[in-house]
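Visitor:
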Amino acid sequence: MTAGARMGFFTDTSVCIGCKACEVACKEWNLVPQDGPLSLSANSYDNTVALGASTWRHVAFVEQQRDDQGLRWLMSSDVCKHCSSAACLEVCPTGALFRTEFGTVVVQPDICNGCGYCVPACPFGVIDRREDDGRAFKCTLCYDRLKDGMEPACAHACPTDSIQFGQLEELRERAQRRVATLHEAGVAEARLYLEDEADGIGGAGAFFLLLDEPEVYGLPPDPVSTTRDLPTLWRAAALAAGTLAAAVAVAFAGGRR
Amino acid sequence: MSAPDRRDGDRRGTRVRGSVVPEAEFRSYYGRPILKPPVWTWEVPWYFFAGGLAGASASLGLGARLAGNHPLARNAFTAAGAAGTVAVPLLASDLGRPERFLYMLRMFKVTSPLSVGSWILATMAPAAVGAAASDRLGVLPRLGRAAEVAAGLLGPALATYTGTLVADTAVPAWHEAGRELPFVFAGSAAASAGAAAVLSTPAADAGPARRLVVAGALLELGAAGAMERRLGELGEPYRQGPAGRLARAAKACTAAGAGLVAAAGRRRALAAAGAALVLAGSACERWAVYKAGFQSAADPKYVVGPQRARLAARQAEQDDPVEP
Chain C
461 MTAGARMGFF TDTSVCIGCK ACEVACKEWN LVPQDGPLSL SANSYDNTVA
511 LGASTWRHVA FVEQQRDDQG LRWLMSSDVC KHCSSAACLE VCPTGALFRT
561 EFGTVVVQPD ICNGCGYCVP ACPFGVIDRR EDDGRAFKCT LCYDRLKDGM
611 EPACAHACPT DSIQFGQLEE LRERAQRRVA TLHEAGVAEA RLYLEDEADG
661 IGGAGAFFLL LDEPEVYGLP PDPVSTTRDL PTLWRAAALA AGTLAAAVAV
711 AFAGGRR
Chain G
19 MSAPDRRDGD RRGTRVRGSV VPEAEFRSYY GRPILKPPVW TWEVPWYFFA
69 GGLAGASASL GLGARLAGNH PLARNAFTAA GAAGTVAVPL LASDLGRPER
119 FLYMLRMFKV TSPLSVGSWI LATMAPAAVG AAASDRLGVL PRLGRAAEVA
169 AGLLGPALAT YTGTLVADTA VPAWHEAGRE LPFVFAGSAA ASAGAAAVLS
219 TPAADAGPAR RLVVAGALLE LGAAGAMERR LGELGEPYRQ GPAGRLARAA
269 KACTAAGAGL VAAAGRRRAL AAAGAALVLA GSACERWAVY KAGFQSAADP
319 KYVVGPQRAR LAARQAEQDD PVEP
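Chains as they are written, first to last, in our numbering: chain C, 461 to 717; chain G, 19 to 342.
The structure is reproduced here in structure tokens:
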């Protein structure tokens, strides 16, 4: 690993086989507890349902009946995006969420006071509070493994290299080549998601190759970090505070009666 | 919310506010939410109410002091101190780890309205308590006056920052309402502070409080109306379900209460009834906003619809650039 290089994931969903080895490896390595009672969702083979405080990798299963080509399966391993402009980190009042030397976004459990602000701030619905614990948790991109020069557990366990770990710049080049290959092979619907630094989150540390629109996988099509609008929002608060003060002043204009 | 089955492939038209593009279509992953619902509980809307009451009361108190209306100043600062005292444990008990409440003051982050607000509360609440205590007990008068000025100046910030707090999230009904929410909260806070003072102060001294009730109610109702108009379809949560009922209750209580207070003049019983209605309306307003966020986060159409429209508009601009 080059010192200072931003590390990330490229998840190529075109080769995901839905084995969920990533989910298991993540749970095992990070000692993530069970995320609720065992239950069947009836949503294809997806009984994990969504990312959450105790689910840091989630494999989505989409069954599509297409008139021309018959049944198609889409499988995709979702994860925290480690946004360049990370709303969770920016709204965190305690500084529990921070950016590591690898450019990833990590919660410090010894600092988090469970205020829950990061939860509705995330445009992807990734981070959540573990209710029996009271603190917020999400993917750390295996911060501990990275510090020892190892790749994250999910990428290590992935049997088809659908989850690729590496330097972000190199991954982006690899992803462009992969999309070009797929387009040549006639897979016109292949597209990259969150690889563009000009997007609303400044590009993601974990980006994806998808075979349909993002919302089909439960991903927002054009996410924007909420803090991008903060200047406007603070201005509104300041104007409103001024209006309140003016209302009080006007109330006294009429004297005591 | 009516469609029981919104599996992928089940395309459903959804109109998007302010969009120049044709109706966007909306797909989802088994109709599941994209956003996580907030994890906040009942303490949070009551914190918004208490913070608003404390902040606006402190401003009313300072105004009364400057105007020489000392009975009103005393009661307003007492209300500010009491509401500020209640606000602190409300904010703390909503934490997953309340014993780490002081970690809120580990740093000062302008990108986090909750950090900024914690500092405002940590300064304003003790100042309001000190101001009220100094006045009531007749001790440390100069420090008491300094506390009154501090609390009075910080009050409007405490009353309005909570609008920005919820707006600085990915929840569409909160984020897209970011320009109006602080005004809704400012009006609601002013009305509640005026109402509390009407209840506690002899009618002869409560004239400014009655006028603040009316001014606050007008601001609250006007800002809430403007917010719902600008939100369009994204504002649905403010009209439907529990949030819709609370919003209607807020409007009815605030309007009726402010009308009663205005009509009552110095008839104290009538004014008190109106003030009680205004306080109820103010609490309902915060609860409506709070609940609307949950309803907004629960339905992926509020996330996908506007984002699709944005993408389509960008695409249209690329395909057919408009001459400047």
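Glycine included, C-beta positions come from ideal geometry on N, C-alpha and C.
Check whether the region 268-276 of chain G touches the region 230-239 of chain G, taking contact to mean three or more Cβ pairs, one atom from each stretch, closer than 8 Å.
Guide: Touching, yes, given that three or more Cβ pairs across the two stretches are closer than 8 Å.
Visitor: Once the 5 residues before and after G/T59 are set aside, which same chain residues still bring their CB inside 8 Å of it?
Guide: By 1-based counting over the second sequence, the position of residue 59 of chain G is 41. Excluding sequence neighbours, G/T59 sits near D112.
Visitor: Please work out which residues of its chain come closer than 6 Å, Cβ to Cβ, to G/A306, disregarding the five sequence neighbours upstream and downstream, and give them in chain order.
Guide: By 1-based counting over the second sequence, the position of residue 306 of chain G is 288. Excluding residues within five positions, the ones whose Cβ falls inside 6 Å are A261, L264, A265, A268.
Visitor: For C/A701, which option in G/V167, G/A100, G/T178, G/T141 has the closest C-alpha, if you only look at C-alpha atoms?
Guide: As a first step, residue 701 of chain C is located in the first sequence; it is residue number 241 there, counting from the start. Answer by Cα proximity: G/T178.
Visitor: Consult DSSP for C/N573 and reduce its assignment to one of helix, strand or coil.
Guide: Residue 573 of chain C sits at position 113 when you count from the first residue of the first sequence. Note: C/N573 maps to coil in three-state DSSP.
Visitor: List the residues of chain G whose Cβ lies closer than 7 Å to the Cβ of C/R595, in chain order.
Guide: By 1-based counting over the first sequence, the position of residue 595 of chain C is 135. Those within 7 Å of C/R595 in chain G are G114, R115.
Visitor: Starting from C/I623, trace the alpha helix (DSSP H) both ways and give me its first and last residue.
Guide: Residue 623 of chain C sits at position 163 when you count from the first residue of the first sequence. Taken as a continuous stretch (DSSP letters only), C/I623 belongs to no alpha helix (DSSP H), being part of the beta strand (DSSP E) at 623-627.
Visitor: Count the other C-beta atoms from every protein chain shown that fall within 10 angstroms of the C-beta of G/R285, then say buried if there are 16 or more, exposed otherwise.
Guide: Sequence index remark: in the second sequence, residue 285 of chain G carries index 267 (1-based). So G/R285 counts as exposed.
Visitor: Just checking: is the beta-carbon of G/G196 within a distance shorter than 7 Å of some beta-carbon in chain C?
Guide: By 1-based counting over the second sequence, the position of residue 196 of chain G is 178. Yes, contact with chain C.
Visitor: Three-state secondary structure (DSSP) at C/V586?
Guide: Stepping through the first sequence from its first residue, residue 586 of chain C is reached at position 126. In this structure, C/V586 counts as coil in the three-state DSSP scheme.
Visitor: So G/L176 and G/M142 are in contact, right, with Cβ under 8 Å, and what is the actual spacing, rounded?
Guide: As a position in the second sequence, residue 176 of chain G is number 158, starting the count at 1. As a position in the second sequence, residue 142 of chain G is number 124, starting the count at 1. Correct: roughly 5 Å between the Cβ atoms.
Visitor: So G/D186 packs on C/T687, CB below 8 Å; how close in whole Å?
Guide: Along the second sequence, one-based indexing puts residue 186 of chain G at 168. Along the first sequence, one-based indexing puts residue 687 of chain C at 227. The pair is a contact, with the Cβ atoms about 6 Å apart (cut-off 8 Å).
Visitor: For G/A124, which option in G/Y320, G/P116, G/S133 has the closest C-alpha, if you only look at C-alpha atoms?
Guide: The count along the second sequence starts at 1 and reaches residue 124 of chain G at position 106. Before going further, note that residue 124 of chain G is Arg rather than Ala in the sequence given. With distances taken between Cα atoms, G/R124 lies closest to G/S133.
Visitor: To the nearest angstrom, how far is it from the Cα of C/S474 to the Cα of C/D682?
Guide: Here the question's residue 474 of chain C lines up with position 14 in the first sequence. Here the question's residue 682 of chain C lines up with position 222 in the first sequence. Whole-angstrom Cα-Cα distance: 21 Å.
Visitor: Taking the continuous beta strand (DSSP E) assigned at C/L534, which residues delimit it?
Guide: Sequence index remark: in the first sequence, residue 534 of chain C carries index 74 (1-based). Element bounds for C/L534: 530-539.
Visitor: Under 7 Å, do G/S300 and G/S218 count as touching if we go by C-beta distance?
Guide: Here residue 300 of chain G refers to the residue found at position 282 of the second sequence. Here residue 218 of chain G refers to the residue found at position 200 of the second sequence. It is not a contact, given that the beta carbons lie outside the stated cut-off.
Visitor: So, for C/Q568: in the same chain, excluding its five sequence neighbours on each side, which residues have a beta-carbon less than 6 Å away from its beta-carbon?
Guide: Locating residue 568 of chain C in the first sequence gives position 108, counting from the first residue. Closer than 6 Å at the Cβ level, and outside the excluded window around C/Q568, lie A556.
Visitor: I need the straight-line Cα distance from G/R50 to G/H88, nearest angstrom please.
Guide: On the second sequence, position 32 is the one that residue 50 of chain G refers to. On the second sequence, position 70 is the one that residue 88 of chain G refers to. For G/R50 and G/H88, the distance between alpha carbons rounds to 57 Å.
Visitor: Measure from the C-beta of C/N507 to each C-beta in chain G and report whether the shortest distance is under 7 Å.
Guide: The count along the first sequence starts at 1 and reaches residue 507 of chain C at position 47. False, the Cβ-Cβ gap to chain G never drops below 7 Å.
Visitor: Taking the DSSP output, what are the residues bridged to C/Q525?
Guide: Position 65 of the first sequence, counted from the start, is the residue given in the question as residue 525 of chain C. DSSP lists C/L531 as partners of C/Q525.
Visitor: Can you find the residues in the same chain that come closer than 6 Å, C-beta to C-beta, to G/V322, ignoring five residues on each side of it along the sequence?
Guide: In the second sequence, residue 322 of chain G corresponds to position 304, counting from 1. Answer for G/V322: F44, listed in chain order.
Visitor: According to the neighbour-count rule (16 or more other Cβ atoms, all chains shown, within 10 Å of its Cβ), is C/A645 buried or exposed?
Guide: Within the first sequence, numbered from 1, the residue matching residue 645 of chain C stands at position 185. Exposed, since its Cβ has fewer than 16 Cβ neighbours within 10 Å.
Visitor: Along the chain, where does the alpha helix (DSSP H) that runs through G/G79 open and close?
Guide: Against the second sequence, residue 79 of chain G aligns to sequence position 61. Unbroken alpha helix (DSSP H) run through G/G79: 61-85.
Visitor: With DSSP collapsed to three states, give me the class of C/L547.
Guide: What you label residue 547 of chain C is simply residue 87 of the first sequence in a count that begins at 1. Note on residue identity: the sequence assigns Ala, not Leu, to residue 547 of chain C. Of the three classes helix, strand and coil, the one that applies to C/A547 here is helix, per DSSP.
Visitor: Whose C-alpha, out of C/P680, C/T703, C/F625, C/L699, is nearest the C-alpha of C/G665?
Guide: Within the first sequence, numbered from 1, the residue matching residue 665 of chain C stands at position 205. Per the Cα distances, C/F625.
Visitor: Taking a cut of 9 Å between CB atoms, which residues from the region 554-573 of chain C lie near chain G?
Guide: Flagged, chain order: T554, G555, A556, I571, C572, N573.
Visitor: Under 7 Å between C-beta atoms, does G/E41 make it to chain C?
Guide: Numbered from its first residue, the second sequence carries residue 41 of chain G at position 23. Residue placement at G/E41 is flagged as unreliable, the pLDDT there being 46, under the threshold of 50; the coordinate-derived value follows with that caveat. False, the Cβ-Cβ gap to chain C never drops below 7 Å.
Visitor: For C/E594, tell me which candidate among G/A298, G/F119, G/G181, G/T182 has the shortest Cα-Cα distance.
Guide: Sequence index remark: in the first sequence, residue 594 of chain C carries index 134 (1-based). What sits at residue 594 of chain C in the sequence shown is Gly, not Glu. Selected option, being the one with the closest Cα: G/F119.
Visitor: Within 10 angstroms of the Cβ of G/I160, are there 16 or more other Cβ atoms? Answer buried if so, exposed if not.
Guide: Locating residue 160 of chain G in the second sequence gives position 142, counting from the first residue. It is worth fixing the name first, because residue 160 of chain G is Arg in this sequence and not Ile. When all chains shown are included, G/R160 counts as exposed.
Visitor: Name the residue from G/A140, G/L199, G/E246, G/A290 whose alpha carbon lies nearest to the alpha carbon of C/W694.
Guide: For the purposes of this step, residue 694 of chain C is taken as residue 234 along the first sequence, with counting starting at 1. Answer by Cα proximity: G/L199.
Visitor: Can you tell me whether C/N507 is helix, strand or coil according to DSSP?
Guide: Position 47 of the first sequence, counting from 1, holds the residue named residue 507 of chain C. Coil, per DSSP.
Visitor: Can you check which of these residues, C/I587, C/A697, C/A596, C/G512, is closest to G/R115 by C-alpha distance?
Guide: By 1-based counting over the second sequence, the position of residue 115 of chain G is 97. Per the Cα distances, C/A596.
Visitor: When DSSP labels each residue in this structure, what does C/T687 get in the three-state scheme?
Guide: Indexing the first sequence from 1 puts residue 687 of chain C at position 227. In the structure shown, C/T687 sits in a helix (DSSP, three-state: H, G or I).
Visitor: Check whether the Cβ of G/R160 lies closer than 7 Å to any Cβ atom in chain C.
Guide: As a working mapping, residue 160 of chain G is identified with position 142 in the second sequence. By this cut-off, G/R160 is not an interface position.
Visitor: Give the secondary structure of C/A513 by DSSP, where H, G and I count as helix, E and B as strand, and everything else as coil.
Guide: Here residue 513 of chain C refers to the residue found at position 53 when the first sequence is read from its first residue. In the structure shown, C/A513 sits in coil (DSSP, three-state: anything other than H, G, I, E or B).
Visitor: What does C/V492 reach in chain G if we use C-beta pairs closer than 7 Å?
Guide: Along the first sequence, one-based indexing puts residue 492 of chain C at 32. None at all; the shortest Cβ gap to chain G is about 17 Å.
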